[in-house]
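Encoded as structure tokens, the structure appears first; notes follow it.
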Amino acid sequence: MKFSVLNVVAELFLFLLFFSSVNVFAETKSITSPDGNVFVDVSDEGGVPAYSVQYRGQPIIKKSSLGLEFKELEGFVRHLHIVKAGITSSNTTWVQPWGERKNVRDNHKELVVEFSQMQKPFQYFNLHVKVFDDGVGFRYEVPKQDGLGTVDIVDEKTEFVIANSDTTTAYWIPGRAPTIDEYLYNTTPLASMPRAQTPMTMKLASGVHLSIHEAALVDYAAMTLEQKHPGQLKADLTPWYDGIRVKTQTPFVTPWRSIQIAPNAVGLLNSNLILNLNEPNKLGDVSWVKPGKYIGIWWAMHLNALTWHSGEQHGATTERTKSYMDFAEKYGFSGVLVEGWNQGWDVDWVADGSSFSFTKSYVDFNLAEVTAYGKAKKVKLIGHHETGCSVTNYKNQMADAFDLYQKMGVEQVKTGYVTDHDKCSRIDDNGVVRNEWHDGQFMVNEYLRSVTEAAKRHISIDTHEPIKDTGLRRTYPNWISREGARGQEYNAPWSPVSNPPEHTVMLAFTRMLSGPMDYTPGIFNMAPSGLNAERRVKNTLAKELALYVVLYSPVQMAADLPENYLAKDGKTIRPGFQFIMDMTTDWEESKALAGEVGDYVAYARKKRNSNDWFLGAITDENARKLSLKLDFLDANKSYTAEIYRDGAQVDWKTHPYDLIVEKKTVKRTDTLDVSLAASGGVAIRFAVKK
Ligand code: NOJ
Ligand code: CA
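First residue of the sequence shown? That's 2 in our numbering, and the numbers climb one at a time after it.
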């Protein structure tokens, strides 16, 4: 071969190409949602895995990096290229044993892209991308392979670079802040958000709404979103006490990173994306998981009228529990929650919950007696395990505690993990006390342990101060509800700031996108310290009723003291209580009808195994009129609409109780005009006319 300068250059180029880690021939793989609106591409340009998302032809997520960084190993951050890719599609419908709807359609396409290191040891991972009409989910799958066994993840490189971020509004609560997830929501330009918990909702200038969250958070750290550069949201995984984010081993998968996309705010509420990204039920027959309504020895403690701890004012007595059970039976509640029944409340349990016993009752509470009393009335005791997040103390007693409840016929337990967000305390294998975050990998596993241990005894769990919901109720249907936001309790005197009129409206478009919430609505005495008090419920009575429809939970509390549901005679019920008595907590179908984030929202839901529909609409501090089309009602049927609405004199500050209860005959073709007062609402039951 004739020597030429050209040849040398060409040889040199090939040599460099072969041995360099720069991926000159960038590959891009793409996938489109079944309806063609959502478009995702995945690329390896520059050796860095990346993706971008378009919706209806407009960029939503600009090119955003992906990757996993490992301690002491090369990991998957750079020098990577696409080896192969494939697309499959699936269109199925699955059934929820209980839920906001019975049948859930899962119609998606999935792209699996294998990324490999370009140099030794040629380790690889698969990126799974599922694209639905209502958004995108993607996760990393790292198979077992040579040289990759135990892995410490020190950073996840996933980014969400928001297109047109300077005109985007964000609705968010802080991530990794002192009180886990119990914050009022901020509404700010996206650029003003330093770090958020998910789900985090955004509104783009075009009106398109997004919510970034995660699904199937199992054996991994929770993802918060950090914004170091405007518009560039980066996964920031909550670390262990020692700074490692995730301690795992191959094979493993990460949770799904999810982006819900809708043309408007209401569209977000009708999405099934998070549930569809979770695995099917692993518990088999779950007919023992029972949605229902409950009351409880609860609010009186928050009002300081009774105490959790022992003494004169101890709330959880046998006698009081029995009288609550009488009330429950009379007015159709299936459960009575009793907090403070067990020993351990007489110390500063928020600072240190290690005194809690989960089997020993206070002397004035007889567990066997109250459960036997309830049995005769078909009213269940709802158990309570406040742990103060002393999780080793809880773990050591867990089997005995659930065994005891099972023996007593208790079918639901409310758990609690009150303490500072970074102060969940565990004792490690060497006897050393370690503090962990509520949403780090260690606690993620602890919460699931309580759920699976309970499942073995056919007990359902309602977690307070929980790990955020990521749709695991599909896989573990006994994880029946959670708190995970500022609930009604913040209207008690201990909270310096009560929930403002906007709060519950905001919840509908943010926290509620992750799953059911045990908000505990239905306070009828809004202001025990007087209407002028700052610390009180800042709603009208009609709005308190509407919350039962708007804030979905399969277990709903009538949170007030039982006597507050009765008139002065102690016999007749107060206006509005009938709605709670008629309400269900298990739905055939749910439809968000109207709304804007933080302004107002209207929902219609159809009761399971019934023709009844319910409607709830609530507004923020602004009064407004809504014209609601009743086209969700079944065709060819006529309904009696039992309407609970704000009265003419109503004013949440001065006259919160002015409630009009009226009946109208309506059908599917009608439109209902409703006026919501400031911080008001409307609650309606539609009963088929015989
Ligand atoms: C916080 C819970 O959210 C609340 O419902 C409960 O009463 C207290 N912890 C005590 O466990
Ligand atoms: Ca709480």
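We put the CB at the ideal spot given by N, CA and C, even for glycine.
Return yes when the C-beta of residue i is under 7 Å from any heavy atom of ligand 2, and no when it is not.
{"i": "Gly488", "result": "yes"}
{"i": "His422", "result": "no"}
{"i": "His386", "result": "no"}
{"i": "Glu484", "result": "yes"}
{"i": "Glu589", "result": "no"}
{"i": "Glu73", "result": "no"}
{"i": "Glu115", "result": "no"}
{"i": "Glu183", "result": "yes"}
With DSSP as the reference, please indicate the residues paired to residue i in a beta bridge.
{"i": "Gln557", "result": "Lys294"}
{"i": "Tyr640", "result": "Val667, Val689"}
{"i": "His385", "result": "Lys415"}
{"i": "Ile468", "result": "Paired residues: none, contrary to the question."}
{"i": "Pro175", "result": "Ala197"}
{"i": "His315", "result": "Thr308"}
{"i": "Phe525", "result": "Bridge partners of Phe525: none, in fact."}
{"i": "Ala603", "result": "Ala595, Ala618"}
Drop a sphere of 10 angstroms on the beta-carbon of residue i, count the other beta-carbons inside from all chains shown, and report buried for 16 or more, exposed for fewer.
{"i": "Leu15", "result": "Any reading at Leu15 needs caution, since the residue's pLDDT is 43, under 50, leaving its predicted position unreliable; the model's value is listed next. It counts as exposed."}
{"i": "Gly432", "result": "exposed"}
{"i": "Trp653", "result": "buried"}
{"i": "Ile685", "result": "buried"}
{"i": "Phe19", "result": "With a pLDDT of 44 at Phe19, under the threshold of 50, the modelled position of that residue is not reliable, and no figure is offered here."}
{"i": "Lys691", "result": "exposed"}
{"i": "Lys415", "result": "buried"}
{"i": "Thr372", "result": "buried"}
{"i": "Gln650", "result": "exposed"}
{"i": "Gln120", "result": "exposed"}
{"i": "Ile262", "result": "buried"}
{"i": "Ser482", "result": "buried"}
{"i": "Gly681", "result": "buried"}
{"i": "Ala618", "result": "buried"}
{"i": "Gly345", "result": "buried"}
{"i": "Lys626", "result": "exposed"}
{"i": "Asp237", "result": "buried"}
{"i": "Gln314", "result": "exposed"}
Indicate, with yes or no, if ligand 1 has a heavy atom lying under 7 Å from the CB of residue i.
{"i": "Trp299", "result": "yes"}
{"i": "Val556", "result": "no"}
{"i": "His465", "result": "yes"}
{"i": "Val419", "result": "yes"}
{"i": "Glu340", "result": "yes"}
Could you say which of the options lies nearest to residue i if we only look at CA atoms?
{"i": "Tyr520", "options": "Glu370, Pro555, Gly488", "result": "Gly488"}
{"i": "Asp401", "options": "Met194, Ser451, Leu112, Asp583", "result": "Ser451"}
{"i": "Phe40", "options": "Leu112, Arg475, Pro98, Asn479", "result": "Leu112"}
{"i": "Ser335", "options": "Lys381, Lys608, Asp674", "result": "Lys381"}
{"i": "Tyr172", "options": "Ala649, Tyr186, Thr180, Lys229", "result": "Tyr186"}
{"i": "Ala455", "options": "Met518, Tyr406, Ile213, Val506", "result": "Tyr406"}
{"i": "Thr251", "options": "Lys30, Pro50, Glu535, Gly150", "result": "Gly150"}
{"i": "Glu589", "options": "Leu338, Leu634, Ile619, Ala603", "result": "Leu634"}
{"i": "Val287", "options": "Thr188, Val254, Asn397, Arg475", "result": "Arg475"}
{"i": "Pro292", "options": "Lys665, Gly100, Ser426", "result": "Gly100"}
{"i": "His230", "options": "Trp342, Tyr640, Asp167, Lys424", "result": "Asp167"}
{"i": "Gly417", "options": "Gly441, Asp470, Gly354", "result": "Gly354"}
{"i": "Arg458", "options": "Lys539, Asn479, Val445, Leu449", "result": "Asn479"}
{"i": "Val392", "options": "Asn446, Lys608, Ile383", "result": "Asn446"}
{"i": "Ala486", "options": "Asp470, Tyr141, Trp495", "result": "Asp470"}
{"i": "Met409", "options": "Gly384, Ser554, Asp421", "result": "Gly384"}
{"i": "Val419", "options": "Thr453, His465, Gln442", "result": "His465"}
{"i": "Pro122", "options": "Leu74, Ala222, Asp220", "result": "Leu74"}
{"i": "Trp95", "options": "Ala624, Glu280, Thr89", "result": "Glu280"}
Could you check whether the Cβ of residue i sits closer than 8 Å to any Cβ belonging to chain B?
{"i": "Ala51", "result": "Absent from the structure is chain B; it holds one protein chain and no more."}
If we call anything under 8 Å between Cβ atoms a contact, is residue i one with residue j?
{"i": "Tyr477", "j": "Lys283", "result": "yes"}
{"i": "Val155", "j": "Phe26", "result": "no"}
{"i": "Ser628", "j": "Asp647", "result": "no"}
{"i": "Glu484", "j": "Pro501", "result": "no"}
{"i": "Leu616", "j": "Val550", "result": "yes"}
{"i": "Leu278", "j": "Trp257", "result": "yes"}
{"i": "Val351", "j": "Asp463", "result": "no"}
{"i": "His82", "j": "Asp45", "result": "yes"}
{"i": "Ile275", "j": "Ser515", "result": "yes"}
{"i": "Pro522", "j": "Ala493", "result": "no"}
{"i": "Tyr640", "j": "Phe580", "result": "no"}
{"i": "Phe525", "j": "Leu542", "result": "yes"}
{"i": "Phe398", "j": "Ile460", "result": "Inspection of the sequence shows that residue 398 is occupied by Gln rather than by Phe. No, Cβ-Cβ distance for Gln398 and Ile460 is not below 8 Å."}
Cβ of residue i within 7 Å of any heavy atom in ligand 3?
{"i": "Ser391", "result": "Ligands present in the displayed structure are limited to ligand 1 and ligand 2, and ligand 3 is not among them."}
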